[in-house]
């Protein structure tokens, strides 16, 4: 069985999948889809694989996935022998899926703000920076509640794919000028992610978050 991640190193969505593959200690192929600049995602061969032309795309044998949060779920269910990254406990599992939906929804404003700042791409939000800041405030509140319960990560005492899904937006926020001074719990949490076995960095990730 061969794992292939069609990747671009500058994209937060691709980084979250690379990060999780590394945390799991999995080997995989990593062809680059040249989209920034370039239109590699419009190449016929790539569109045949992923009709939407989004990046990344994960191929795991006969499975082809085009949404990063779905990739995290698949990798956890198929390759995590520890069973910790997507816990079986119903309450924790529900919290993980809730945070994955947040990462795919509200938190997308952070990547929009980042690509607008770096490359001048037009964001989907009228004010992507403002929307990203609001999303960070929600994360800060979630981590404060976890801290009061004596828990260190977004959905409990241990890291899950929810943390992996959220981390790139936080770690790359300097690219669009959002400082971490007003988010002390996010800062502490991000430092914990940096210390996980198998952690890898990416272009733009704060060295000391």
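Numbering (this note's numbering), first residue to last: 763 to 971. Note that beta-carbon positions come from the ideal geometry of N, C-alpha and C, so glycine has one too. On a predicted model such as this, the values are computed, not experimentally measured, just so you know.
Taking residue i and residue j to be in contact with their CB atoms under 8 Å, please state how far apart those CB atoms are, rounded to whole angstroms.
i, j, result
"residue 880", "residue 937", "6 Å"
"residue 917", "residue 832", "So it is not a contact: roughly 18 Å between Cβ atoms."
CB-CB under 7 Å to residue i, same chain, minus the five flanking residues each way: which ones, in chain order?
i, result
"residue 920", "846"
"residue 877", "883"
Within 10 Å of its beta-carbon, does residue i have 16 or more other beta-carbons around it, so buried, or fewer, so exposed?
i, result
"residue 929", "buried"
"residue 789", "exposed"
"residue 896", "exposed"
"residue 864", "buried"
"residue 908", "buried"
"residue 962", "exposed"
"residue 803", "buried"
Do residue j and residue i come within 9 Å of each other at the CB atom, strictly closer than that value?
i, j, result
"residue 874", "residue 775", "no"
"residue 927", "residue 952", "no"
"residue 834", "residue 766", "no"
"residue 818", "residue 830", "yes"
Might you give, ordered along the chain, the residues of its own chain that have their beta carbon closer than 6 Å to the beta carbon of residue i, omitting 5 neighbours on each side?
i, result
"residue 898", "945"
"residue 882", "none"
"residue 966", "934, 937"
So, for residue i: in the same chain, excluding its five sequence neighbours on each side, which residues have a beta-carbon less than 8 Å away from its beta-carbon?
i, result
"residue 943", "none"
Give, in chain order, every unbroken run of the beta strand (DSSP E) that is at least 3 residues long and sits entirely within the stretch 803 to 854.
819 to 822, 825 to 827
Every unbroken beta strand (DSSP E) within the stretch 902 to 938, with a cutoff of 3 residues, ordered by chain:
none
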